[in-house]
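There are 2 protein chains.
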Amino acid sequence: MDEIKIFCPASVANMSCGFDVLGFCLSPVGDEMVIRKTNSPGVKITKIEGQDLPLDVKKNVAGIAAEALLKEHPTQTGFEIEIYKNIKAGSGIGSSAASAAGAVFGINELLNKPFTATELITFAMEGEALASGAAHADNVAPVLMGGITLVRTVDPVDVIKLPTPNELTAVILHPKIELKTLHAREIIKKNVTMEKAIKQWGNLGAFVSALFNEDYDLISRSLKDEIVEPMRSLLIPEFDSLKKASIDAGALGFGISGSGPSVFALTKGKDTAHKVSKVINQIISSIGIDFEIHISEINKHGIKILPN
Amino acid sequence: MDEIKIFCPASVANMSCGFDVLGFCLSPVGDEMVIRKTNSPGVKITKIEGQDLPLDVKKNVAGIAAEALLKEHPTQTGFEIEIYKNIKAGSGIGSSAASAAGAVFGINELLNKPFTATELITFAMEGEALASGAAHADNVAPVLMGGITLVRTVDPVDVIKLPTPNELTAVILHPKIELKTLHAREIIKKNVTMEKAIKQWGNLGAFVSALFNEDYDLISRSLKDEIVEPMRSLLIPEFDSLKKASIDAGALGFGISGSGPSVFALTKGKDTAHKVSKVINQIISSIGIDFEIHISEINKHGIKILPN
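Chains A and B, in that order, give the protein sequences. Mind the numbering: the first sequence is residues 1 to 308 in our numbering, read in order. Mind the numbering: the second sequence is residues 309 to 616 in our numbering, read in order.
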């Protein structure tokens with residue numbers, strides 16, 4: 001195989017009680033990438049459509065991730081990357097992660113898979129570090145492994161793929177406002193009370209158990225975040241009313257995707273997802289912000305190889 | 309049924325990454341209680357053997373828990389309680405929890421089970437509040453439900469019973485030194501860094517997943533506590549060398565039971581448990597402290613009804 005075309009899905013990180021560790025992969029939204037072998041060693045980004053992003057390999061998350069991989073697998077083969085962006089940078093649904101993960105996934109395929117998923121996550125994280133100022137894995141992990149993932153630790157990378165209850169459905173709202181990840185990181189406090197920390201890990205433990213048991217009631221009771229959400233939600237227009245209306249419409253839970261401005265609701269089944277989507281649409285329409293809403297299954301497979 | 313005799317097992321709370329939420333029930337160590345109906349309403353503690361504890365119902369955890377139950381189920385029937393203590397108060401393996409849980413379990417049986425396990429936990433917690441100054445459920449929950457339990461929240465009580473991997477075995481060391489729960493609580497800091505809190509909930513999520521998947525390697529990687537153990541372990545003689553020797557002998561993890569002074573190791577299988585028990589014995593013998601060591605399966609059933 002000399003060329004590969006892939007679909008690189010968006011993802012949701014910082015799932016409520018799983019701040020910095022839990023993420024899941026989306027189905028309908030994603031970039032496409034074409035990666036092909038060339039005869040001159042090294043990585044080149046030859047085309048980016050859909051977004052104004054640097055072609056310079058050292059300044060592009062896909063380039064940095066690709067070079068991190070090739071550093072561990074020296075080869076005379078070179079690679080050209082084309083990126084067709086649909087996920088807007090800064091939207092909070094893993095735009096940089098899709099590119100970083102796509103680059104290392106594609107090159108690994110073209111090299112006949114010398115690396116494991118865990119190793120690919122490690123390389124992709126180097127791209128993420130450029131985008132957000134910190135090497136985190138909670139977006140690249142679900143993109144590369146599919147489903148819902150828990151990042152136990154990043155040094156070394158230890159990621160667990162959790163089960164996905166069949167009817168679990170996500171509603172994603174992307175209010176098109178500017179919100180830099182770096183800024184959203186700054187407002188997080190360096191310390192947390194022991195009381196709130198205990199609540200958070202009690203909820204996270206319960207949430208993991210609920211995924212295994214397909215216990216939607218427990219998913220709903222445990223999908224909470226009293227630590228980060230109260231601060232970051234202040235940056236998101238109408239957060240409280242969006243959340244309340246979603247829960248009232250039957251959502252299991254509602255939270256901030258990544259560091260925002262996108263938000264997500266989880267529901268049991270598509271019918272409820274459509275109801276939640278409708279109330280979200282009403283509220284966000286009323287304040288005159290441009291936005292997109294997506295209804296998505298949890299994407300159990302992650303990156304998908306497309307026919308050329 | 310007018311009289312019931314029960315075995316009320318010891319338990320381990322504050323399991324490493326599950327501080328304040330995770331606990332498990334032990335098999336070989338426990339108290340016995342006899343509870344019988346009488347014609348004069350109210351609760352009387354008529355006998356306590358094995359420990360010097362108050363017979364006054366208002367000053368005894370079993371009495372307080374029993375009265376909490378009867379407040380929600382007024383009856384003309386009275387109850388006499390006899391307690392045969394084997395679990396030493398202050399040992400860190402749920403001495404007060406065994407008595408509180410036993411009292412409400414026994415009375416509930418004699419009343420033909422009007423209450424659910426969750427309700428019994430709520431009553432038993434009132435007894436625990438007397439013993440430790442805080443109404444916590446991480447000992448009474450595994451005693452009443454059996455196995456490994458996660459207390460998501462105590463207000464209202466929401467406890468999840470987690471799966472018990474078949475070969476999981478505990479080694480318990482009780483160094484016979486005085487260590488008041490209240491004192492051990494005081495040295496816990498009120499705040500924790502976000503970085504450590506995230507590590508802890510990453511580990512707890514991974515640990516829960518590992519229990520479902522019977523993944524002993526992941527149990528071992530995730531059974532850690534960088535928040536409370538570094539402080540509380542200072543109160544326990546030879547903690548660091550006991551921990552290192554246990555891990556070297558094959559233990560999956562090692563931590564403080566409850567608020568100490570007891571410590572526990574978890575192993576895969578009995579053979580390793582015996583090896584761990586041996587190295588613990590050597591270390592603790594060498595410093596001249598009186599002690600007990602127990603090897604225990606995880607007790608999946610909790611309180612057991614004994615033949616009269």
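Where is the CB? At the ideal position from N, CA and C, for every residue including glycine.
Quiz item: Given that Asp579/B touches chain A, what residues does it touch there, using C-beta distances under 8 Å?
Solution: By one-based count along the second sequence, residue 579/B stands at place 271. Neighbourhood of Asp579/B in chain A, by CB distance below 8 Å: empty, with the nearest CB roughly 27 Å away.
Quiz prompt | Within 8 Å, strictly: CB atoms of Gly202/A and Val459/B | solution = Here residue 202/A refers to the residue found at position 202 when the first sequence is read from its first residue. Here residue 459/B refers to the residue found at position 151 when the second sequence is read from its first residue. Result yes, Cβ atoms of Gly202/A and Val459/B sit closer than 8 Å.
Quiz item: By a C-beta neighbour count over all protein chains shown, 10 Å radius and 16 as the cutoff for buried, is Gly92/A buried or exposed?
Solution: In the first sequence, residue 92/A corresponds to position 92, counting from 1. Under this definition Gly92/A is a buried residue.
Exercise. Go through the segment 497 to 574 of chain B residue by residue and report every complete run of the alpha helix (DSSP H) that reaches 4 residues or more, in order.
Key: 502 to 521, 524 to 530, 537 to 540 and 547 to 556
Quiz prompt | Where Thr525/B meets chain A, residues with beta-carbon distance less than 7 Å | solution = The residue you call residue 525/B lines up with position 217 of the second sequence. Note that residue 525/B is Asp in the sequence shown here, rather than Thr. Going along chain A, no residue has its Cβ under 7 Å from Asp525/B, so there is no contact; the nearest lies around 10 Å.
Quiz item: Which whole-angstrom value describes the C-beta separation of Gly309/A and Ala170/A, a residue pair presumed to lie in contact below a C-beta threshold of 8 Å?
Solution: Lying before the first or after the last residue shown, residue 309/A is absent from chain A, which here runs from 1 to 308.
Quiz prompt | Close-in-space but distant-in-sequence residues of the same chain around Glu167/A (CB under 7 Å, 5 per side omitted) | solution = By one-based count along the first sequence, residue 167/A stands at place 167. Excluding residues within five positions, the ones whose Cβ falls inside 7 Å are Lys268 and Gly269.
Quiz item: Which bits of chain B does Leu204/A rub up against, with CB to CB less than 9 Å?
Solution: As a first step, residue 204/A is located in the first sequence; it is residue number 204 there, counting from the start. The answer, in chain order, is Trp509, Gly510, Leu512, Gly513 and Val516.
Practice problem: Run through the segment 374 to 445 of chain B for me and flag every whole beta strand (DSSP E) of 3 or more residues, listed as ranges in chain order. | Solution: 386 to 392
Exercise. For the alpha helix (DSSP H) containing Asp579/B, list its first residue and its last residue.
Key: As a working mapping, residue 579/B is identified with position 271 in the second sequence. Unbroken alpha helix (DSSP H) run through Asp579/B: Lys578 to Ser593.
Practice problem: Could you have a look at Ser319/B and say whether DSSP puts it in helix, strand or coil? | Solution: The count along the second sequence starts at 1 and reaches residue 319/B at position 11. The DSSP-derived three-state label of Ser319/B is strand.
Exercise. Figure out for me which residue from Glu32/A, Ile64/A and Ala210/A has the closest Cα to the Cα of Lys379/A.
Key: Any question about residue 379/A goes unanswered here, given that chain A covers just 1 to 308.
Quiz item: Which residues of chain B have a Cβ atom closer than 8 Å to the Cβ of Met231/A, listed in chain order?
Solution: Numbered from its first residue, the first sequence carries residue 231/A at position 231. Per Cβ cutoff of 8 Å: no residues; Met231/A is ~11 Å from chain B at best.
Quiz item: So which residues on chain A does Gly326/B lean against when the C-beta distance must stay under 9 Å?
Solution: Numbered from 1 along the second sequence, position 18 holds the residue referred to as residue 326/B. In chain order: Trp201, Gly202 and Gly205.
Quiz item: Counting Cβ pairs closer than 8 Å, one from the segment 342 to 350 of chain B and one from the segment 583 to 603 of chain B, do we hit at least three?
Solution: no
Practice problem: Measuring alpha carbon to alpha carbon, tell me which of Met323/B, Tyr392/B, Ile314/B and Asp364/B ends up nearest Leu531/B. | Solution: Counted from its first residue, the second sequence places residue 531/B at position 223. Closest in C-alpha terms to Leu531/B, from the list Met323/B, Tyr392/B, Ile314/B and Asp364/B, comes Met323/B.
Quiz prompt | Distance CB(Leu452/B)-CB(Gly610/B) smaller than 8 Å | solution = On the second sequence, position 144 is the one that residue 452/B refers to. On the second sequence, position 302 is the one that residue 610/B refers to. Yes; because the gap between Cβ atoms is below 8 Å, this pair is in contact.
Quiz item: What's the gap between the Cα of Leu266/A and the Cα of Ile391/B?
Solution: Here residue 266/A refers to the residue found at position 266 when the first sequence is read from its first residue. Here residue 391/B refers to the residue found at position 83 when the second sequence is read from its first residue. C-alpha separation (whole angstroms): 49 Å.
Practice problem: Would you mind stating whether Phe123/A and Ala68/A have Cβ atoms separated by less than 8 Å? | Solution: In the first sequence, the residue the question calls residue 123/A occupies position 123. In the first sequence, the residue the question calls residue 68/A occupies position 68. Against a cut-off of 8 Å, the Cβ pair of Ala68/A and Phe123/A comes out as a contact.
Self-check item: Own chain partners of Val29/A with C-beta closer than 8 Å, once the 5 adjacent residues on each side are dropped
Solution: Here residue 29/A is taken as the residue at index 29 of the first sequence, counted from 1. Cβ neighbours of Val29/A beyond the five flanking positions: Pro9, Ala10, Asn86, Ile87, Ile93, Ile172, His294 and Ser296.
Quiz item: Would Ile305/A be called buried (16 or more neighbouring beta carbons within 10 Å of its own) or exposed?
Solution: Against the first sequence, residue 305/A aligns to sequence position 305. By the neighbour-count rule (16 or more Cβ atoms within 10 Å), Ile305/A is not buried but exposed.
Practice problem: Please check the pair Ser543/B and Gly568/B, which I expect to be a contact at CB under 8 Å, by giving their CB distance rounded to whole angstroms. | Solution: Here residue 543/B corresponds to residue number 235 of the second sequence, with the count starting at 1. Here residue 568/B corresponds to residue number 260 of the second sequence, with the count starting at 1. First, the amino acid is wrong: residue 543/B is Leu here, not Ser. The Cβ separation is near 6 Å, so the contact holds.
Quiz item: Which chain B residues sit within Cβ distance under 9 Å of Thr193/A?
Solution: Sequence index remark: in the first sequence, residue 193/A carries index 193 (1-based). Neighbours of Thr193/A on chain B, chain order: Lys498, Asn499 and Val500.
Practice problem: Helix, strand or coil for Val157/A, going by three-state DSSP, please let me know. | Solution: Here residue 157/A corresponds to residue number 157 of the first sequence, with the count starting at 1. Residue state, collapsed to three classes: strand.
Self-check item: Given Glu436/B as reference, the closest of Ala373/B, Leu378/B and Val465/B once Cα atoms are compared
Solution: Taking the second sequence and counting its residues from 1, one reaches residue 436/B at position 128. Looking at Ala373/B, Leu378/B and Val465/B, the one whose alpha-carbon comes closest to that of Glu436/B is Ala373/B.
Quiz item: Relative to the alpha-carbon of Val571/B, which residue among Ile485/B, Glu434/B and Leu428/B has its alpha-carbon at the smallest distance?
Solution: Along the second sequence, read from residue 1 onward, the residue named residue 571/B stands at position 263. Selected option, being the one with the closest Cα: Ile485/B.
Quiz item: Hey, would you say Val467/B sits closer than 8 Å to Ala445/B, going by beta carbons?
Solution: Mapped onto the second sequence, residue 467/B falls at position 159. Mapped onto the second sequence, residue 445/B falls at position 137. Cβ atoms of Val467/B and Ala445/B: closer than 8 Å.
Quiz item: So with Cβ pairs under 8 Å, would you call Asp158/A a contact of chain B?
Solution: The residue labelled residue 158/A in the question sits at position 158 within the first sequence. Taking Cβ atoms only, chain B reaches closer than 8 Å to Asp158/A, which makes this a yes.
Practice problem: Taking a Cβ distance cut-off of 7 Å, strictly less, list which residues of the segment 438 to 471 of chain B are near chain A, in chain order. | Solution: Leu458, Val459, Arg460, Thr461, Asp466, Ile468 and Leu470
Quiz prompt | is_contact[Phe24/A, chain B] using C-beta, thresh 8 Å | solution = Here residue 24/A is taken as the residue at index 24 of the first sequence, counted from 1. Closer than 8 Å: no.
Practice problem: Measure the C-alpha to C-alpha separation of Leu470/B and Phe515/B and round it to an integer number of angstroms. | Solution: Stepping through the second sequence from its first residue, residue 470/B is reached at position 162. Stepping through the second sequence from its first residue, residue 515/B is reached at position 207. Each residue's Cα considered, the two are about 11 Å apart.
Quiz item: So, are the CB atoms of Met1/A and Leu130/A less than 8 Å apart?
Solution: Within the first sequence, numbered from 1, the residue matching residue 1/A stands at position 1. Within the first sequence, numbered from 1, the residue matching residue 130/A stands at position 130. Cβ distance not < 8 Å, so Met1/A and Leu130/A don't count as in contact.
Quiz item: Alpha carbon to alpha carbon, how far is Ile219/A from Gly205/A?
Solution: As a working mapping, residue 219/A is identified with position 219 in the first sequence. As a working mapping, residue 205/A is identified with position 205 in the first sequence. Spanning the two alpha carbons is a distance of roughly 11 Å.
Quiz prompt | Minimum C-alpha distance to Ala443/B - residue among Thr457/B, Ile456/B and Asp463/B | solution = Counting from one through the second sequence, the residue named residue 443/B turns up at place 135. Nearest C-alpha to Ala443/B: Asp463/B.
Quiz item: Pick from Ile535/B, Gly558/B and Phe520/B: whose alpha carbon is nearest that of Ser585/B?
Solution: Against the second sequence, residue 585/B aligns to sequence position 277. Taking only the C-alpha atoms, the option nearest Ser585/B is Gly558/B.
Quiz item: Going by alpha carbons, who is nearest to Ile336/A out of His73/A, Asn60/A and Gly90/A?
Solution: Shown here, chain A extends from 1 to 308; a query on residue 336/A therefore has no answer.
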